[in-house]
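Taking it in order: structure first as structure tokens, then the write-up.
Protein chains: 2
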Amino acid sequence: MRNFTRSEVKNASIAQLKALSDALREEIFRTVSACGGHLSSNLGTVELTVALHRVFEFPEDKLIFDVGHQCYTHKLLSGRAPLFHTLRKEGGISGFPKREESEYDCYGTGHAGTAISAALGIAKARDLQNEKFSVIALIGDGSFQNGLIYEALNSLGVLNTNVLIVLNDNGMSISPTVGCTHDVLEKLKTEKTLADAKLFERFGLTYRGVVNGNDFEELLPALEEAKSLLEKGSVLLHVATKKGQGYPFSENAPTETHGFSPKPASQKEYAAALGEELSALAAQDRRIAAVTAAMTDSLGLRSFFESYPDRAFDVGICEEHACVLAAALAAGGMKPYYAIYSTFLQRAFDEIIHDVCGQNLPVTFLIDRAGITGPDGETHQGIFDLSYLSLIPNLTVAVPKDIGELRAMVRMSAEFSSPLAIRYPRMGEEGEICPIEIGKFDILHSTTSDIIVYAAGETCVRIAHEVLKRAQAEGFSFTLVNARFIKPLDTQFVTGRKEKYIVTLEDNVLSGGLGDGIARLMRESESTVISFGYRDTFIPHGEIPSLAKKYGLDPDEIFDCLRELHARG
Amino acid sequence: MRNFTRSEVKNASIAQLKALSDALREEIFRTVSACGGHLSSNLGTVELTVALHRVFEFPEDKLIFDVGHQCYTHKLLSGRAPLFHTLRKEGGISGFPKREESEYDCYGTGHAGTAISAALGIAKARDLQNEKFSVIALIGDGSFQNGLIYEALNSLGVLNTNVLIVLNDNGMSISPTVGCTHDVLEKLKTEKTLADAKLFERFGLTYRGVVNGNDFEELLPALEEAKSLLEKGSVLLHVATKKGQGYPFSENAPTETHGFSPKPASQKEYAAALGEELSALAAQDRRIAAVTAAMTDSLGLRSFFESYPDRAFDVGICEEHACVLAAALAAGGMKPYYAIYSTFLQRAFDEIIHDVCGQNLPVTFLIDRAGITGPDGETHQGIFDLSYLSLIPNLTVAVPKDIGELRAMVRMSAEFSSPLAIRYPRMGEEGEICPIEIGKFDILHSTTSDIIVYAAGETCVRIAHEVLKRAQAEGFSFTLVNARFIKPLDTQFVTGRKEKYIVTLEDNVLSGGLGDGIARLMRESESTVISFGYRDTFIPHGEIPSLAKKYGLDPDEIFDCLRELHARG
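Here the protein sequences come in this chain order: C and A.
Note that my numbering has the first sequence beginning at 1, numbered continuously upward.
Note that my numbering has the second sequence beginning at 1, numbered continuously upward.
Right under this line is the structure:
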């Protein structure tokens, strides 16, 4: 797409702005169709973003996105249109705001609820340095349920600075927004008693709205007014937009068109199997419950939610509350499963320790999108979980080598009475379902070689098999073990082995993961432990295999290492 | 103190309840004076807790405390009075609610904001299992600012269950409650427009209050009414209490009398030195700012807050918001320092990754109360931080060996332009101030021995010195190194050493800490690495040296190990 100049947006007529919006919408649709990405949220906010660029002066003024699912128009309008076809591709434009990508991206995001806190910090820094510019936080109603928002609003009135909060209300998180906060937001304008209470005013905000966020005739004057109000204090502008706006199929199916991410046709989704297994358990055991934070379909739980609505809890984008709720359901005698993406579980780290494991309650964490997740980049890679889970007492951490093993682990979990985490990537092979014993490794290939390889999870087991085939072709071999429990490790197995060389593979950072654990067990042995895993760096967006290779799990490098060990003898 | 029977509280006259309250208050005062603990919050809630025991049937009904700073009366009334003199002592009564201690403690706490989520979980489990009892969450107005509360309230209306929330409003966190939430709470009753808006009703709660929580004549009927309202739905009862009630010196100085914890007279507080150094930096550099989450005095920051109020941000019990605010202040050109206790920083784990380190922003984390903290028990030990920080890219983790080294590190931090964490215990020795180079270890005792000991932090360096003295008395020695950077490790130093035996000491769990890191560097060497640190378990309350010895840092065991290594040769 051609580039846009600032003056173009500034000088356009309303008709021209509409035409520009149509062109932007077409470009977003075309690019997302090709590259994957977030569609409906971006389609819904085209006019709103164009209007913000018309009224404010970027990059002097600062625009902070919450989550960032709606930043494409901003990217297109800020010099990145010619590169937009590289969206989410390795080395290309990121799907999220990113400071190092552009001076127009003043604050990076990817997880929900940070925008108001970030806006306050940037505004205070401005004030303390006697600078003058506007700070705008653009946040969706789904994010508005997150606890961080409340913590930021609590501060706002006392921080004595000025920010503009644009609340983009489309009634949706990824799924429809659940919870009472949204009901209150909806009624702010229509109910007199609520309006009279001047709720946001109590938090130091002048409230304006609701404005149609897909209509320039309403939007532009509202933003101009907000800009002038900003001279005197903070403002909340409540804007209603239509998720998927302009594309009827997206308007009508905003959840399904929230994000697109091409799937390898040859593989299956772990989530689908998870959903089947959990529903089957629930049919047998009335204690089984499912807890999620604003996701059901992508975690495979649609059918569970439909079949067992009284035992299915989607609490909105509230990862911490979901975790405490699960802990308390367990304390009350239920058997809860908390399904979530690896990267978002980081939000509940303290609650996993304090509420679940500290009380040794039988909550099972079903951790999807573990390892490198690819095109969403730094904020969405699930490369820390093996480490941050392994350090927690009372927690068992399981890593299935394929979908069949996930099924076996879920079945096993029904009788397990302590905290359990099962982590897996999005896509994989079906595989067989064999019974699993807690804490026991499984030998996948046995030899008399002096080399043993421990691989955790499907990505690593696949690489190990690939390397094994090459080794055999070159006339050597190694014992291959499925290290399916990272915690507890199979101490008896590991310490009982006599191989001179131990190689570990994990799709996780090296600090505190499988390699460190096995090395700790073998410290006083004669064996040498060599670990492959991700380097100590944030991993940007790109294709999973390419990123894995580049950041620490390179089959060639692993093969070379094994060949060298074989030669060493 | 003698035990109380349920019927005693049930059948007492108001006059007798008052006499009972006086006796309880005296017992609490006497015990806290002797054992340390939380005073003013417990003194303030005596009548409220007695009234709850009068109106509800425990343990059939469930009482969930938020944080648990106010649970002493509940413990005294639920069979634990005869053991109350063992409060916070090893093997004695915990200072916090604890499931394994009593069936009256249905949910354990220690960190803020969990009570409503926990109450909802227990209530839903009750409903799903067709049981009948009342579930009560008792929460202070300080905790009410925490984001978890908002997430739980957002869920409450849609979860379709019944809980009673008793909001204990004393206008205080540990320090006076800051923020707009509290202002709104204060005005709920007095302002007609706010009352008319029926705010809590929007969240599915019937609101009652404000009731004088130190007066049985008001309290008992209010609780009876709440109990009957609970048949039909959830209730929020807003109660005003006086922190420190009954003891004028505590009423007048509720912050100072919030908690007592005897200090070893021979040692100094790290916090005091931290405060001095940070104030000195701030005088030189206008970019220096301090961020805290509801603590200033105990972190040594009172003087900073008084001298630089425009650059001092206490955001209430909002650890996550504090972290994002710090990140954004840094993004805006400031140089923020976020001071917090180790255990509470767990709440901001995702924000450390996503906001600070993911953007490589120069936020310095000042992490107090690291290692075993003693009498507060499981929920307050700071034994995970070296592990959960070491796994994060872009973060430098420093551990001073004494207060002088903390001073040197803070001075060094002023010129450091990446994320930095400095973690230290509460008490220590003053020590000298020598310039520090990032990532460089320091040899404390050099020998030609085949043994090298790496010790991280004051607790471990002290143990190492003690063991060295004993070794020398027995005619052997070892090289002792101050491992003052856990990340990055001093790779050049470690890999350059030729000792056959490497021993590491850290006051942290073993998974992912110093020992694992050094072992990872030495994997292909001939050296054997032996690590001492805390075992993979939650550590209960007790005295610091005794717990350290029991849970993994036993000087005798370390000495025996070294002697054995020396003998091995």
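Glycine included, C-beta positions come from ideal geometry on N, C-alpha and C.
Since the model is a prediction, treat every value here as computed from it, not as a measurement.
May I have the straight-line CA-CA distance separating residue i from residue j, to the nearest angstrom?
i, j, result
"residue 18/A", "residue 47/A", "8 Å"
"residue 154/A", "residue 247/A", "38 Å"
"residue 605/C", "residue 37/C", "Only positions 1 to 569 of chain C appear in the structure, and residue 605/C is not among them; the question remains open."
"residue 16/A", "residue 93/A", "27 Å"
"residue 211/C", "residue 218/C", "6 Å"
"residue 377/A", "residue 302/C", "41 Å"
"residue 107/C", "residue 358/A", "11 Å"
"residue 437/C", "residue 289/C", "23 Å"
"residue 573/C", "residue 343/C", "Any question about residue 573/C goes unanswered here, given that chain C covers just 1 to 569."
"residue 300/A", "residue 22/A", "35 Å"
"residue 425/C", "residue 370/C", "5 Å"
"residue 340/A", "residue 183/A", "25 Å"
"residue 572/C", "residue 331/A", "Because chain C is modelled from 1 through 569, residue 572/C falls outside the range shown and cannot be assessed."
"residue 32/C", "residue 119/A", "43 Å"
"residue 549/C", "residue 221/C", "51 Å"
"residue 280/A", "residue 431/A", "19 Å"
"residue 165/C", "residue 433/C", "51 Å"
"residue 13/A", "residue 327/C", "39 Å"
"residue 73/C", "residue 122/C", "22 Å"
"residue 307/A", "residue 194/C", "41 Å"
"residue 573/C", "residue 56/C", "Missing from the structure shown is residue 573/C; chain C here goes from 1 to 569 and no further."
"residue 27/C", "residue 261/C", "17 Å"
"residue 214/A", "residue 144/A", "20 Å"
Round the Cβ separation of residue i and residue j to the nearest angstrom and send it over; I've been treating them as touching at under 8 Å.
i, j, result
"residue 570/C", "residue 285/C", "Missing from the structure shown is residue 570/C; chain C here goes from 1 to 569 and no further."
"residue 396/A", "residue 447/A", "Residue 396/A to residue 447/A, Cβ: 29 Å. No contact."
"residue 512/A", "residue 533/A", "That belief does not hold up - the Cβ atoms of residue 512/A and residue 533/A are roughly 10 Å apart, past 8 Å."
"residue 403/A", "residue 382/A", "No, residue 403/A and residue 382/A are not in contact; Cβ-Cβ is about 17 Å, not under 8 Å."
"residue 77/C", "residue 273/C", "About 42 Å separates the two Cβ atoms, so there is no contact after all."
"residue 277/C", "residue 411/C", "7 Å"
"residue 171/C", "residue 44/C", "Actually they are not in contact, since the Cβ atoms of residue 171/C and residue 44/C sit about 10 Å apart, beyond 8 Å."
"residue 409/A", "residue 421/A", "The Cβ separation is near 10 Å, so there is no contact."
"residue 596/C", "residue 236/C", "Here chain C has residues from 1 to 569 only, and residue 596/C is not among them."
"residue 230/A", "residue 134/A", "6 Å"
Exercise for the section: Residues of the segment 369–389 of chain C with a CB closer than 8 Å to any CB of chain A: list them in chain order, please. Expected result: 378, 379, 384, 387 and 388
Exercise for the section: Would you check if the segment 467–485 of chain A and the segment 427–443 of chain A touch, i.e. whether three or more CB-CB distances between them fall below 8 Å? Expected result: yes
Exercise for the section: Could you please tell me which residues of the segment 523–535 of chain A, in chain order, have their CB closer than 8 Å to any CB of chain C? Expected result: 523, 524, 528, 529, 530 and 531
Problem - Positions along the segment 58–80 of chain A whose CB lies within less than 9 Å of some CB in chain C - result: 62 and 64
Practice task
Examine the Cβ distances between the segment 29–45 of chain C and the segment 238–253 of chain C and report whether three or more of them are shorter than 8 Å.
Solution key: yes
Practice task
Check whether the segment 126–136 of chain C touches the segment 335–346 of chain C, counting contact only when three or more Cβ pairs, one atom from each stretch, lie closer than 8 Å.
Solution key: no
Exercise for the section: Give, in chain order, every residue of the segment 104–124 of chain A whose Cβ lies closer than 7 Å to some Cβ of chain C. Expected result: 106, 107, 108, 110, 111, 114, 117, 118, 120, 121, 122 and 124
Handout entry: Stretch pair the segment 319–326 of chain A + the segment 111–122 of chain C: three plus CB contacts closer than 8 Å
Key = yes
Handout entry: Residues from the segment 28–48 of chain A in contact with chain C, defined by Cβ distance under 8 Å
Key = none
Practice task
Pull out every residue of the segment 150–166 of chain C whose Cβ sits closer than 8 Å to any Cβ of chain A, in chain order.
Solution key: 150, 151, 152, 153, 154, 155, 156, 157, 158 and 159
Handout entry: Three CB pairs or more closer than 8 Å across the segment 456–469 of chain C and the segment 495–510 of chain C
Key = yes
Exercise for the section: Below 7 Å between beta carbons is the criterion; list the residues of the segment 123–143 of chain A that meet it against any residue of chain B, in chain order. Expected result: The displayed structure is made up of protein chains C and A, and chain B is not among them.
Practice task
Note down, in chain order, all residues in the segment 319–335 of chain C with a beta-carbon under 9 Å from any beta-carbon belonging to chain A.
Solution key: 319, 320, 321, 322, 323, 324, 325, 326, 327, 328, 329, 330, 331, 332, 333 and 334
Problem - Residues of the segment 349–365 of chain C with Cβ closer than 7 Å to any Cβ of chain A, in chain order - result: 349, 350, 353, 354, 355, 358 and 359
Practice task
Examine the Cβ distances between the segment 555–566 of chain C and the segment 194–204 of chain A and report whether three or more of them are shorter than 8 Å.
Solution key: no
Handout entry: Segment contact, 8 Å Cβ cut-off, at least three pairs: the segment 486–497 of chain A with the segment 529–545 of chain A
Key = no
Exercise for the section: Could you please tell me which residues of the segment 454–479 of chain A, in chain order, have their CB closer than 7 Å to any CB of chain C? Expected result: none
Practice task
Could I get the ranges of all uninterrupted alpha helix (DSSP H) runs contained in the segment 226–284 of chain C, with 4 residues as the minimum, in chain order?
Solution key: 248–252 and 270–284
Handout entry: Uninterrupted alpha helix (DSSP H) stretches inside the segment 505–560 of chain C (no shorter than 4 residues)
Key = 514–521 and 544–551
Handout entry: Residues of the segment 185–200 of chain C with Cβ closer than 8 Å to any Cβ of chain A, in chain order
Key = 187, 193, 194, 196, 197, 198 and 199
Problem - Every unbroken alpha helix (DSSP H) within the segment 419–494 of chain A, with a cutoff of 4 residues, ordered by chain - result: 457–473
Exercise for the section: Report the residues of the segment 509–523 of chain A with a CB closer than 9 Å to any CB of chain C, ordered along the chain. Expected result: 509, 510, 511, 512, 513, 515, 516, 517, 519, 520 and 523
Handout entry: Unbroken stretches of the alpha helix (DSSP H), 4 residues or longer, contained in the segment 48–99 of chain A
Key = 72–75
Problem - Contact residues within the segment 219–244 of chain C, judged by C-beta distance below 7 Å to chain A - result: none
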